[in-house]
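Novice:
Chains as they are written, first to last, in the numbering used here: chain A, 256 to 461; chain B, 52 to 417; chain C, 30 to 566.
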């Protein structure tokens with residue numbers, strides 16, 4: 256379970272988040288819905304630990320992780336522009352988190368194959384990142400974040416910017432993946448229908 | 052598709068910008084710099100070394116008076132240090148960078164002659180030159196213009212305050228009381244370094260000079276790469292903070308020390324050991340391939356005339372080749388004309404130099 | 030913004046007509062051929078003999094010296110890279126007060142005339158470090174750290190910040206991120222820097238002579254010694270050609286290797302952030318202070334030498350900064366003021382030439398495959414060539430009509446450009462190769478031909494790299510490297526030449542003036558570099 260407790264954040268004189276609190280039960284997906292610039296991405300980054308809140312707590316499965324550095328939190332994050340590592344191929348990207356955890360090569364290979372299967376891209380291990388289409392890249396980014404079995408998954412505008420056909424297809428796939436993986440998920444979007452389709456609950460921000 | 056013309060114009064617009072930049076830079080620069088080519092028949096280019104003054108000194112004033120009288124303009128070309136200047140002259144023999152060259156010394160003159168860079172000329176003022184100098188070159192390939200000596204300078208204060216006697220000869224230098232007090236230069240890279248080496252070769256002879264240097268090495272002689280290094284980093288008598296009160300330098304360095312200190316002093320803080328000197332003679336010559344032989348000859352005549360020669364000491368810190376030139380007090384006060392400095396025939400220098408340097412390097416540096 | 034299908038990848042490069050390709054190749058190639066290949070060929074053919082080369086190759090002394098040259102260069106290169114990577118990243122990643130000034134400060138040593146700066150260093154080094162390999166390495170670091178900071182810094186700026194964050198979310202600590210992600214992405218830039226520094230330290234001359242002393246000699250020193258002191262130009266050429274062949278091989282290998290390692294980064298310019306955490310602030314603070322201390326100390330030593338006259342402190346040199354006359358009737362024969370003006374004029378011309386040729390060459394390399402690589406390698410060769418060789422080559426090649434240019438003023442900025450152009454090419458290529466492949470498609474749909482889209486879109490993004498390139502070119506020109514110092518000057522003395530002239534005279538006053546001019550050179554360069562980059566970086 257992910258718990259956000261009275262989180263406050265200001266940038267310069269701008270109060271972006273004001274004592275925001277909510278909970279996401281384990282395995283459920285929450286969509287944070289709001290227009291651009293209202294602080295959604297900031298919220299995600301605070302949950303991930305990339306930004307520190309001025310006040311408030313983040314709790315994961317009842318453990319206070321507010322002061323825990325990002326790389327120890329085990330929270331997956333899919334960035335809006337994917338941020339795949341260009342110097343590694345697909346399997347290198349996906350297994351990155353596993354390497355950090357010290358997994359042995361054989362086990363990593365198995366897990367990578369598992370995830371590629373989950374996102375519908377079996378056999379893509381040796382592919383070069385620069386050769387991937389937009390939809391493929393998004394899936395690989397997802398696979399990468401899910402590989403180390405994170406305690407929570409954060410998605411920053413996952414479907415924004417994709418053209419219509421891809422958008423719809425990916426939304427269906429994403430829905431399936433999220434359901435299958437059973438990870439506590441928070442996604443931010445400004446698209447209402449996206450929010451309705453993907454999430455169990457919606458939080459509106461302004 | 053856009054029209055070809057429009058494409059061309061916009062395609063090259065940034066390129067045009069750059070071209071304009073270059074043109075502007077060229078125009079800007081040519082306004083400032085003087086005309087480089089010696090195209091006018093009334094201009095001579097005098098090739099010389101980097102410490103030769105470009106302008107504003109009394110030496111340059113003297114040149115200006117030559118220009119006025121003869122109608123020939125003289126442009127000074129800085130060709131680097133003496134070694135560089137010589138190499139360039141050799142490489143361009145027959146198609147020289149200038150008309151007259153000033154500053155090839157006796158250690159290199161034989162090589163220069165062998166490489167045929169000169170057009171021989173016996174100057175009108177030949178009789179005015181000190182005969183010891185003018186009889187070095189039998190065929191007047193070049194004309195001696197000044198001379199000096201490379202000798203050991205000493206820090207007067209050091210010797211006085213340590214109640215130490217100043218060494219009186221080359222062999223004294225290996226005495227234990229002078230251990231670790233002498234700084235010399237590498238003859239492979241320094242002209243005074245080579246001159247000093249040659250002094251020891253004359254003094255101790257072909258068979259024994261090696262022994263002398265072995266002893267010097269035992270006596271902790273310090274070796275620097277250039278005169279600049281040793282004089283300013285190692286020598287205690289200069290403005291630097293060196294530890295060595297004995298250094299290989301020029302017999303006229305004490306004069307410069309006196310004159311160039313601020314405020315200038317009457318008596319120099321450094322002295323010269325006359326018995327350690329090797330004679331250096333500088334020559335000027337007409338460069339073979341020049342198209343202005345007549346004017347070049349006029350310039351050579353002027354360079355050894357009294358008007359020019361008398362400005363040499365205070366500007367170049369060497370003695371004039373012409374006889375009977377009155378010397379400034381600063382000179383007579385702090386240095387003397389050395390009568391018996393060591394000398395070697397230029398041809399012998401050229402034949403043996405490489406071997407001498409090689410042997411020296413083996414003994415001292417390895 | 031994202032492309033959808035992976036099926037069709039329009040390769041714009043292939044659409045450019047071969048006439049255009051050829052033209053872009055021809056212009057810089059002609060420049061290189063005329064001003065580099067031709068003089069070098071001429072001097073080698075004039076003085077080289079097979080015998081001479083064979084003799085030199087089997088000369089035991091030369092072999093020993095060659096080995097020493099390689100080892101000091103390798104050690105210097107690694108030390109510089111090692112010490113320079115962190116400052117490079119810090120200066121590229123963070124925004125903090127005075128960042129630009131520090132960036133300019135790092136570049137100053139690079140352009141100081143080596144002999145003068147090295148002399149200032151000698152005064153600083155403790156006695157037991159005199160004439161040692163360690164001293165050589167230390168001074169080399171001082172001079173070359175700018176190369177790492179610039180090249181690696183630029184490459185680092187192209188790594189999207191999100192990559193660091195995504196690595197963190199995958200469990201990598203800062204250190205792990207650095208080694209497992211950043212380091213890999215910077216490999217190409219690190220190799221580039223390493224090659225350049227290796228070239229510079231291999232052919233280093235002033236530092237070896239002044240700092241290394243008589244017992245340490247490198248190939249370059251031997252070339253100069255033979256050519257300029259012993260009058261044996263033939264032996265000098267033999268050593269020089271061996272050096273050139275060796276370094277060309279090194280260059281060739283590095284090109285080959287780096288091409289394979291070239292990671293194409295698709296990203297926009299990185300935005301700098303202020304250091305937030307205590308750790309970050311500490312890191313920035315320590316890097317900044319280290320840079321200030323390490324670089325300022327020798328420069329301050331240089332400047333303070335100009336205030337010393339005969340062991341005492343004096344403003345004399347500075348009070349007389351714009352005149353050659355120091356006392357009625359006594360003059361140094363050098364006019365400091367006009368040398369400053371001359372240097373700046375040379376600098377402007379050189380920057381213009383460097384940017385023009387460098388830009389065209391970069392594009393030519395980018396749009397041509399193998400031919401482009403050869404051009405790239407060609408332009409790097411001047412860095413591998415002994416300054417003596419090139420200088421003498423120019424001397425004998427441009428000595429008769431219609432190319433009697435050796436005493437023309439503009440030959441000097443051309444000489445500077447030969448050294449600066451490979452740097453500019455490296456910098457511009459880094460930017461050219463980072464282009465989202467969709468841009469040309471978008472431009473094509475708007476009616477732009479491939480070359481036009483290349484020109485208008487890519488050149489617009491070139492402003493920052495061009496500015497940085499201009500800064501480097503300005504620094505190189507002001508410092509006058511290698512070949513051009515050998516060219517005879519008639520009435521156009523630039524600062525380094527004037528400094529050499531002053532310092533080689535006997536007497537405290539000219540010497541102090543020499544140091545004063547060197548100090549001005551340091552300051553002028555700092556200002557020039559700072560102002561060029563200020564507008565664009």
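Cβ coordinates follow ideal geometry from the N, Cα and C atoms, glycine included.
Residues of chain B with a CB under 7 Å from the CB of residue 254(C): which are they?
Specialist: As a working mapping, residue 254(C) is identified with position 225 in the third chain. Contacts between residue 254(C) and chain B, judged by CB atoms closer than 7 Å, involve 239, 240 in chain order.
Novice: Go ahead and pull the three-state DSSP assignment for residue 154(B).
Specialist: As a first step, residue 154(B) must be located in the second chain, where it is residue number 103. Here residue 154(B) sits in strand by DSSP.
Novice: On the DSSP bridge assignment, give the partners of residue 202(B) in chain order.
Specialist: Taking the first residue of the second chain as 1, we reach residue 202(B) at position 151. 300(B).
Novice: Listing by chain order, which chain C residues have their CB less than 7 Å from the CB of residue 426(A)?
Specialist: Taking the first residue of the first chain as 1, we reach residue 426(A) at position 171. Per Cβ cutoff of 7 Å: no residues; residue 426(A) is ~15 Å from chain C at best.
Novice: Report the neighbours of residue 128(C) on chain B: residues whose CB is nearer than 8 Å to its CB, in chain order.
Specialist: Stepping through the third chain from its first residue, residue 128(C) is reached at position 99. Here the premise fails: no neighbours, minimum Cβ distance about 29 Å.
Novice: Thinking just about the alpha-carbon of each residue, which of 394(C), 532(C), 90(C) is nearest to the one in residue 546(C)?
Specialist: Within the third chain, residue 546(C) is the residue found at index 517, counting from 1. That would be 532(C), whose Cα lies nearest to the Cα of residue 546(C).
Novice: Give a yes or no on whether the C-beta atoms belonging to residue 312(C) and residue 119(C) are separated by under 8 Å.
Specialist: The sequence position of residue 312(C) within the third chain is 283, counting from 1. The sequence position of residue 119(C) within the third chain is 90, counting from 1. Cβ distance < 8 Å, so residue 312(C) and residue 119(C) count as in contact.
Novice: Please state whether DSSP places residue 537(C) in a helix, a strand or coil.
Specialist: Indexing the third chain from 1 puts residue 537(C) at position 508. In the displayed model, residue 537(C) falls within a helix according to three-state DSSP.
Novice: Note the first and the last residue of the continuous alpha helix (DSSP H) segment covering residue 326(C).
Specialist: The count along the third chain starts at 1 and reaches residue 326(C) at position 297. It spans 307-335 - the alpha helix (DSSP H) in which residue 326(C) sits, taken as one unbroken run.
Novice: At the level of alpha carbons, what is the spacing between residue 439(A) and residue 410(A)?
Specialist: Working through the first chain from its first residue, we reach residue 439(A) at position 184. Working through the first chain from its first residue, we reach residue 410(A) at position 155. If I take the Cα positions, the gap works out to 11 Å.
Novice: Would you list, in sequence order, the uninterrupted alpha helix (DSSP H) runs of no fewer than 4 residues that lie entirely inside the stretch 97-162 of chain B?
Specialist: 109-121, 133-142
Novice: Which residue spans inside the stretch 269-348 of chain B form an unbroken beta strand (DSSP E) run of at least 3?
Specialist: DSSP runs (the beta strand (DSSP E)) wholly in the stretch 269-348 of chain B: 273-275, 297-301, 321-338.
Novice: Taking only beta-carbon positions, decide if residue 403(A) is within less than 8 Å of chain C.
Specialist: Residue 403(A) sits at position 148 when you count from the first residue of the first chain. Yes, its Cβ sits closer than 8 Å to a Cβ of chain C.
Novice: DSSP state of residue 166(C), grouped into three classes?
Specialist: As a working note, residue 166(C) is residue 137 in the third chain. In the structure shown, residue 166(C) sits in a helix (DSSP, three-state: H, G or I).
Novice: Kindly indicate which residue of 407(B), 386(B), 175(B), 384(B) has the alpha-carbon position closest to the one of residue 44(B).
Specialist: With chain B covering 52 to 417 only, the question about residue 44(B) has no answer from this structure.
Novice: What are the residues of the stretch 205-223 of chain C that lie near chain A, defined by any Cβ-Cβ distance shorter than 9 Å?
Specialist: 205, 206, 209, 210, 213, 214, 216
Novice: Rounded to whole angstroms, what's the CA-CA distance from residue 422(C) to residue 147(B)? Just pull it up for me.
Specialist: On the third chain, position 393 is the one that residue 422(C) refers to. On the second chain, position 96 is the one that residue 147(B) refers to. Put simply, the backbone Cα of residue 422(C) is about 14 Å away from that of residue 147(B).
Novice: Please confirm whether residue 155(B) has its beta-carbon closer than 8 Å to some beta-carbon of chain C.
Specialist: Here residue 155(B) is taken as the residue at index 104 of the second chain, counted from 1. Contact with chain C is absent for residue 155(B), since none of that chain's Cβ atoms lies less than 8 Å from the residue's Cβ.
Novice: Shortest alpha-carbon distance to residue 526(C) belongs to which of 158(B), 93(B), 105(B)?
Specialist: Walking along the third chain from the start, residue 526(C) turns up at place 497. Comparing Cα-Cα distances from residue 526(C) to each of 158(B), 93(B), 105(B), the minimum goes to 105(B).
Novice: Starting from the C-beta of residue 390(A), find all residues in its chain whose C-beta is less than 6 Å away, skip the five residues before and the five after it, and write them out in chain order.
Specialist: Counting from 1 along the first chain, the entry for residue 390(A) is found at position 135. Around residue 390(A): 421, 425.
Novice: Can you give me the C-alpha to C-alpha distance between residue 433(C) and residue 74(C), rounded to a whole angstrom?
Specialist: As a first step, residue 433(C) is located in the third chain; it is residue number 404 there, counting from the start. As a first step, residue 74(C) is located in the third chain; it is residue number 45 there, counting from the start. Cα to Cα, residue 433(C) sits roughly 19 Å from residue 74(C).
Novice: Counting C-beta neighbours from all protein chains within 10 Å, is the total for residue 279(B) 16 or more, i.e. buried, or is it exposed?
Specialist: On the second chain, residue 279(B) is found 228 positions in, with the first residue counted as 1. When all chains shown are included, residue 279(B) counts as buried.
Novice: Helix, strand or coil for residue 195(B) per DSSP?
Specialist: Reading the second chain from its first residue, position 144 is the one you call residue 195(B). Note: residue 195(B) maps to strand in three-state DSSP.
Novice: Would you check if the distance between the CB atom of residue 504(C) and the CB atom of residue 334(C) is smaller than 8 Å?
Specialist: Here residue 504(C) corresponds to residue number 475 of the third chain, with the count starting at 1. Here residue 334(C) corresponds to residue number 305 of the third chain, with the count starting at 1. Cβ distance not < 8 Å, so residue 504(C) and residue 334(C) don't count as in contact.
Novice: So with CB distances below 8 Å, who are the chain C contacts of residue 355(A)?
Specialist: For the purposes of this step, residue 355(A) is taken as residue 100 along the first chain, with counting starting at 1. Result: 199, 200, 201, 205.
Novice: By Cβ distance below 6 Å, which residues in the same chain neighbour residue 217(B) in space, the five residues on each side in sequence not counted?
Specialist: Along the second chain, read from residue 1 onward, the residue named residue 217(B) stands at position 166. Correct list, in chain order: 205, 210.
Novice: Let me know the beta strand (DSSP E) ranges lying completely inside the stretch 393-433 of chain A, each 3 residues or longer, listed in chain order.
Specialist: Fully enclosed beta strand (DSSP E) runs of 3 or longer: 407-411.
Novice: Please identify, using Cβ separations under 9 Å, the residues of the stretch 321-346 of chain A that lie next to chain C, in order along the chain.
Specialist: 324, 325, 326, 327, 328, 329, 330, 331, 332, 333, 334, 335, 336, 337, 338, 339, 340, 341, 342, 343
Novice: With distances taken Cα to Cα, identify the nearest neighbour of residue 279(C) among 315(C), 337(C), 229(C).
Specialist: Counting from 1 along the third chain, the entry for residue 279(C) is found at position 250. Cα-wise, what sits closest to residue 279(C) is 229(C).
Novice: Within the stretch 265-328 of chain A, note down every full alpha helix (DSSP H) run reaching 4 residues or more, in order along the chain.
Specialist: 295-303, 325-328
Novice: Per the DSSP calculation, residue 116(C) is bridged to which residue(s)?
Specialist: Your numbering for residue 116(C) matches position 87 in the third chain. Residue 116(C) pairs with nothing; no bridge assigned.
Novice: If we define contact as Cβ-Cβ less than 8 Å, is residue 303(A) a contact residue for chain C?
Specialist: Position 48 of the first chain, counted from the first residue, corresponds to residue 303(A). True, the Cβ-Cβ gap to chain C drops below 8 Å.
Novice: Does any CB atom of chain C fall closer than 8 Å to the CB of residue 96(B)?
Specialist: To locate residue 96(B), count along the second chain from 1; it is residue 45. Yes, its Cβ sits closer than 8 Å to a Cβ of chain C.
Novice: Determine, using beta-carbon pairs with one atom in the stretch 301-308 of chain B and one in the stretch 133-144 of chain B, whether at least three such pairs fall under 8 Å.
Specialist: Taking 8 Å as the limit for Cβ pairs, the verdict is that the stretch 133-144 of chain B does not touch the stretch 301-308 of chain B.
Novice: Judging by CA-CA distance, which residue of 425(C), 222(C), 416(C), 182(C) is the nearest neighbour of residue 251(C)?
Specialist: Position 222 of the third chain, counted from the start, is the residue given in the question as residue 251(C). Nearest C-alpha to residue 251(C): 416(C).
Novice: Near residue 63(B), what residues of its chain come up, given a Cβ to Cβ distance below 6 Å and the 5 sequence neighbours on each side ignored?
Specialist: For the purposes of this step, residue 63(B) is taken as the residue at position 12 of the second chain. Because residue 63(B) carries a pLDDT of 47, less than 50, the predicted location of this residue cannot be relied on, and no value is offered for it.
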